[in-house]
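S.K.:
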Amino acid sequence: MPESSPRRSIWARVTGQSPFVVTLFALVLGLVFGAIVIVTTTAPVLDAWRGFFTSWGAPGHAIKVTADNVGAAYRIMFTGSVFSPATLWHAITTGQGWSNALTPISETLTYATPLTIASIGVGIAFQTGIFNIGANGQAMMGGIAGAYVGTLIHLPTVLHLPFTLLAGIAGGVLAGSVPGLLKAYTGAHEVIVTLMFNYVVSAILLYTLLSTALQAPGQQNDIARTLDPSAQLAPLFGTASGLRVNYGLVIAAVVVLFAWWFLERSSLGFDFRVTGANPQAARASGINAKAVIILVFAISGGLAGLAGVTELAGFYKTLDGGFLVGNAGIGFTAITVSLLGRNKPIGIVWASLLFAALGVGGRAMQAATGIPLDLATVIQSAVVLFVATPVLVKEIFRLRTSPTTALQLATKGWGS
Amino acid sequence: MRLELRGITKRFGTFTANHRIDLTVEPGQIHCLLGENGAGKSTLMNVIFGLLQPDEGEMLIDGVVTRFADSGEAVRRGIGMVHQHFMLVPVFSVAENVVLGFEPTKSFDRLDHQRAREEIRSVSQTFNLEVDPDAIVEELPVGLQQRVEILKALSHDAELLILDEPTAVLTPQEIDALMAIMRSLAASGKSILFITHKLKEVKAIADVITVIRQGEVVGTAQASDSEAELASMMVGRDVNLTVDKVTVSPGEAVLTITDLVVRDDRGLPAVDGVSLTVRAGEIVALAGVQGNGQTELVEAIAGMRHVESGTITVRGVDITNRTPREVLDAGVGHVPEDRQLHGLVLSMSVADNLVLNTPRRAPFARHGSRNLAAVKSNAEALVTRFDIRTTSTQALVSSLSGGNQQKVIVARELSRPLSLFLASQPTRGLDVGSIEYVHRQIVRQRDDGIGVLIVSSELDEVLALGDRIAVMHTGRISGVVDPSTSRETIGLLMTGAHVEPADA
């Protein structure tokens with residue numbers, strides 16, 4: 048019997064239980080998938096394979112070229128987003144070039160900061176059975192509100208920065224409460240309303256940027272004034288370090304701790320989770336469904352708003368028409384990140400770091416090898432796809448399915 | 007077919023569902039497998055049917071060691087299984103369902119309806135199982151749907167028929183019909199393995215009885231053994247099948263319902279002018295055929311359904327159209343009809359479910375922060391007090407058997423100070439041991455001076471528990487009678503007939 052051989056049982060013990068392991072294997076599969084994409088889209092590799100039968104040495108050459116190309120791409124992805132051993136060793140031995148050695152990880156953390164905050168907001172909503180597809184609009188609203196307070200009021204940092212951040216939260220709460228109130232009082236479906244509200248906020252962004260209040264003086268384009276330095280999130284290691292990672296990271300850490308406490312320890316979070324897991328039982332147990340809906344949208348929206356203002360105050364410093372648009376739309380990425388992290392704060396931290404690293408590393412890879420940045424998106428998407436199909440991953444890696452720890456789907460379909 | 011199991015063991019992780027099970031079914035024999043919910047009956051059946059592979063032991067068919075890779079192989083080897091939940095396509099005809107998977111076809115792969123019909127007629131005739139082959143399955147009563155399942159198994163030349171809790175969904179008449187079919191099948195040489203936890207049925211039909219408890223065979227019994235003997239074997243201790251009650255004199259009114267009108271989901275009046283009083287220290291049992299407004303009445307009391315007109319008061323406090331929270335705070339404990347839908351959050355732990363409607367109450371929370379230590383110690387106390395069988399208080403409530411899930415709800419509701427205890431179908435789907443337990447708890451509440459309103463479609467339960475029995479028919483109370491009233495009279499009231507009230 049295969050189960051009884053010791054080798055099998057150790058393998059099973061290592062791999063059988065945790066959803067984390069499935070996610071890890073999904074990452075491996077995503078990288079394999081990315082490698083296939085590299086092979087089929089890189090001319091030198093294809094050329095090498097086309098000559099497969101031309102000479103005795105050709106097959107070996109083809110394999111070598113493939114390994115070189117894929118290896119280089121992934122190596123640069125890693126050194127560009129985490130650290131390069133050589134540069135790090137240089138910094139350790141000489142004490143010089145620390146900034147250089149830490150830049151990749153600093154960049155990854157910089158991108159992960161607002162993403163984590165927004166994803167936590169989306170995750171709390173998911174755990175309550177609510178699909179908040181409007182995180183991007185809520186983050187944008189947070190950015191707009193933050194830009195008002197950060198550019199129009201002038202105060203010392205101790206007041207100005209907190210006010211700016213609070214304004215961002217308020218903007219997100221406002222944008223989140225519209226769909227929340229609509230759902231609670233009219234039964235409108237939150238997916239439709241939040242999704243559509245993104246467009247409303249996009250229009251508000253452009254409008255305010257062209258208004259005289261926010262637009263930078265002398266500008267004709269959709270660019271606002273730069274935030275006062277007193278309203279900015281300063282770099283963690285000082286401007287001189289050249290590292291962009293900023294105090295937003297501290298905010299993200301606080302948010303993660305808060306979210307963990309909220310979901311696992313608070314009474315309101317308990318109500319949220321009960322509502323998400325079984326709305327009928329929640330009602331029978333005396334939980335006020337309307338209040339939960341309104342509050343979850345306020346919290347989820349508030350966190351998205353905080354993510355937006357963190358992005359603005361820590362990274363862009365200046366609001367413009369490209370804020371959170373397209374690839375920068377962290378509110379949309381947050382949905383994927385939250386699902387990847389199984390809507391749990393700690394899982395979301397890892398998922399955000401992974402997504403940020405793939406993005407940052409992808410840019411380094413594009414610069415060094417010419418392989419388009421889109422490969423990173425392909426890998427991100429493939430990983431999520433594999434995570435969403437744990438059965439497939441378990442089959443491929445022959446992981447044991449334990450009936451007691453059967454994976455739960457992260458979401459249960461479009462909540463109503 | 008002669009089926010023999012030798013030392014079958016099946017484990018799930020560290021949990022042993024079946025431990026060294028020995029069992030022999032002779033040809034032409036009706037073999038009853040008797041056990042409580044969660045005793046491992048279904049696991050054993052799935053092993054026989056090839057859905058699960060045993061970890062140890064062997065299975066012999068007609069003396070030959072056999073191992074099925076899957077259920078398809080089991081079917082080909084002559085084993086038929088009728089599941090508790092039917093595996094039929096509701097919109098297909100009887101004939102189409104029976105031939106499903108083995109369809110006779112004409113040219114171009116068209117289904118040969120004529121041959122399918124004939125096949126069914128011949129099987130029907132051989133075993134005397136009347137079903138119209140052209141009837142649509144979803145339009146048939148449940149008893150006939152089950153007959154289609156049996157036909158399906160027989161049309162695949164089943165020699166051994168496994169019936170998994172077949173009577174759970176049947177009316178008394180349908181059960182009698184099923185028993186007749188089982189006897190005639192056995193007479194024609196088929197072997198039948200009949201799984202149940204209902205003692206009356208076992209005594210009525212079994213040739214041999216094997217009792218299993220906690221995954222192990224605890225012995226064999228005879229149909230002539232008394233129900234009490236069978237029950238004590240099954241549960242592992244003596245079971246009291248009647249409810250012991252001392253007479254107590256009820257106190258003042260706890261629940262007063264006046265001229266209540268409630269609409270159902272389609273907007274039709276489901277409760278149509280009901281007035282009812284439950285006094286402290288008495289059990290009022292609400293009897294009636296399912297769907298006569300009992301569900302809506304209970305939901306209205308619990309604050310989960312809008313009241314059109316009339317009033318509901320608990321100890322003088324008007325709770326008409328109040329929120330569930332306000333009703334709970336008025337001292338109403340509620341065991342809902344559908345425990346998994348309304349009573350529990352299956353993906354949460356036993357401990358969390360035990361504080362589901364009191365999460366904010368001291369000591370379980372303070373300043374909005376939950377006190378998990380208090381939640382845990384509360385759970386440990388209740389698990390011990392109510393004998394909830396669980397591996398730990400942190401185990402997911404979905405991992406518990408139905409009876410223990412029900413105990414979680416009962417424990418939770420009874421752990422608060424109550425004025426009124428409201429229970430809908432409190433023992434549906436539970437085994438003897440759990441039923442006895444739940445009944446004892448209900449009587450204890452009554453003795454402690456709490457008003458109890460029980461809704462049950464089981465007449466036995468109504469008669470055993472009720473101090474007064476209210477019968478409901480088409481949204482009205484057709485009579486309130488004494489528990490000494492004959493079953494026939496109550497049956498008549500359930501059909502809406504007018505009967506002179508025994509208790510004025």
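These protein sequence lines map, in sequence, to chains A and B.
Residues in the first sequence are numbered from 48 upward in steps of one, following my numbering.
Residues in the second sequence are numbered from 7 upward in steps of one, following my numbering.
No residue lacks a Cβ here, since even glycine has one placed at the ideal position from N, Cα and C.
May I ask you to verify whether the region 346-353 of chain A touches the region 137-144 of chain A, counting CB pairs closer than 8 Å and requiring at least 3?
M.R.: Short answer: they don't touch.
S.K.: Does any residue of chain B have a CB that is nearer than 8 Å to the CB of R410/A?
M.R.: Answer no: the Cβ-Cβ gap between R410/A and chain B never drops below 8 Å.
S.K.: Taking only runs that begin and end inside the region 81-152 of chain A, name each unbroken alpha helix (DSSP H) of 4 or more residues, in chain order.
M.R.: Runs of the alpha helix (DSSP H) inside the region 81-152 of chain A: 90-97, 105-128, 132-141.
S.K.: How far does the alpha helix (DSSP H) with H445/B in it extend, from its first residue to its last?
M.R.: From DSSP, the alpha helix (DSSP H) with H445/B extends over 438-453.
S.K.: What did DSSP end up calling D213/B once you bin it into helix, strand or coil?
M.R.: D213/B: coil per DSSP, three-state reduction.
S.K.: CA-CA distance, R446/B and A387/B?
M.R.: The alpha-carbon atoms of R446/B and A387/B are separated by roughly 19 Å.
S.K.: Can you find the residues in the same chain that come closer than 6 Å, C-beta to C-beta, to W96/A, ignoring five residues on each side of it along the sequence?
M.R.: So the qualifying residues of the chain are A109.
S.K.: Could you check whether K382/B and A357/B sit closer than 8 Å to each other, using their CB atoms as the reference points?
M.R.: Result yes, Cβ atoms of A357/B and K382/B sit closer than 8 Å.
S.K.: Name, going along the chain, the residues of the region 311-335 of chain B whose beta-carbon falls closer than 9 Å to a beta-carbon of chain A.
M.R.: The region 311-335 of chain B vs chain A, Cβ under 9 Å: T329, P330, R331, E332, V333, L334, D335.
S.K.: Along the alpha helix (DSSP H) that carries I340/A, what are the first and last residues, could you check?
M.R.: First-last of the alpha helix (DSSP H) with I340/A: 336-358.
S.K.: Quick one: grab the DSSP three-state call for I198/B.
M.R.: Strand, per DSSP.
S.K.: Using only the alpha-carbon positions, how far apart do S230/B and K209/B sit?
M.R.: Their backbone Cα atoms lie some 7 Å apart in a straight line.
S.K.: Between which residues of its own chain and D324/B is the CB-CB distance below 7 Å, once the five residues before and five after are set aside?
M.R.: These residues qualify, in order along the chain: T317.
S.K.: Skipping 5 residues on each side, what residues in its chain have a beta carbon closer than 7 Å to that of E258/B?
M.R.: R285, A286.
S.K.: For A306/A, report the span of its alpha helix (DSSP H) as first-last.
M.R.: Run containing A306/A: 295-312, per the alpha helix (DSSP H) assignment.
S.K.: What residue range does the beta strand (DSSP E) around G86/B cover?
M.R.: Segment 85-88, the beta strand (DSSP E) holding G86/B.
S.K.: Can you tell me whether P96/B is buried or exposed? The criterion is at least 16 other CB atoms within 10 Å of its CB, across all chains shown.
M.R.: Per the 10 Å Cβ criterion, exposed.
S.K.: Could you round the C-beta distance between L162/A and A403/A to whole angstroms and report it? I think they count as a contact, below 8 Å.
M.R.: About 6 Å separates the two Cβ atoms, so the contact holds.
S.K.: Give me whichever residues DSSP pairs with Q262/A in a beta bridge.
M.R.: Per DSSP, A271/A.
S.K.: Count the other CB atoms within 10 Å of the CB of A308/B; is the residue buried (16 or more) or exposed (fewer)?
M.R.: When all chains shown are included, A308/B counts as buried.
S.K.: Give a yes or no on whether the minimum CB-CB distance between M354/B and chain A is below 8 Å.
M.R.: Yes - at least one Cβ of chain A is within 8 Å of the one on M354/B.
S.K.: Anything in chain B within Cβ reach of A328/A, meaning under 8 Å, just list it in chain order.
M.R.: Neighbours of A328/A on chain B, chain order: L347, H348, G349, L350, V351, L362.
S.K.: If you reduce the DSSP assignment to three classes, tell me which class P511/B lands in.
M.R.: Not covered by the structure: residue 511/B. The range shown for chain B is 7 to 510.
S.K.: Between S405/B and the rest of its own chain, which residues show a CB-CB distance below 8 Å, the 5 nearest in sequence each way excluded?
M.R.: These residues qualify, in order along the chain: T396, T397.
S.K.: Using the C-alpha atoms, what's the distance from E79/B back to E62/B?
M.R.: Going by the C-alpha atoms only, they are around 20 Å apart.
S.K.: Near T111/B, what residues of its chain come up, given a Cβ to Cβ distance below 8 Å and the 5 sequence neighbours on each side ignored?
M.R.: Excluding residues within five positions, the ones whose Cβ falls inside 8 Å are L117, D118.
S.K.: Sort I496/B, I289/B, V277/B, T319/B by Cα distance to T2/B and report the nearest one.
M.R.: Examination of residue 2/B is not possible in this model, given that chain B is present from 7 through 510 alone.
S.K.: If the criterion is Cβ atoms closer than 8 Å, does the pair T160/A and G333/A meet it?
M.R.: Going by C-beta atoms, T160/A is not nearer than 8 Å to G333/A.
S.K.: Between G98/A, F309/A, M124/A, E154/A, which lies nearest to G361/A when the distance is taken from Cα to Cα?
M.R.: Nearest C-alpha to G361/A: E154/A.
S.K.: Please report whether the beta-carbon of A354/A lies at a distance below 8 Å from any beta-carbon of chain B.
M.R.: No, because no Cβ of chain B sits closer than 8 Å to the Cβ of A354/A.
S.K.: Just checking: is the beta-carbon of S449/A within a distance shorter than 8 Å of some beta-carbon in chain B?
M.R.: Residue confidence for S449/A is low, a pLDDT of 45 falling below 50, so the modelled location carries little weight; the figure read from the coordinates is stated next. Yes - at least one Cβ of chain B is within 8 Å of the one on S449/A.
S.K.: Using DSSP's beta-bridge definition, name the partner residues of N24/B.
M.R.: DSSP output for N24/B lists K16/B as bridge partner(s).
S.K.: Can you tell me whether P209/A is buried or exposed? The criterion is at least 16 other CB atoms within 10 Å of its CB, across all chains shown.
M.R.: The residue is exposed, with fewer than 16 neighbouring Cβ atoms inside 10 Å.
S.K.: How many Å lie between L206/A and L212/A at the Cα?
M.R.: Cα to Cα, L206/A sits roughly 10 Å from L212/A.
S.K.: On the three-state DSSP scale, how would you describe R493/B?
M.R.: Correct three-state label for R493/B: helix.
S.K.: Any beta carbon of chain A sitting closer than 8 Å to that of G408/B?
M.R.: Not an interface residue.
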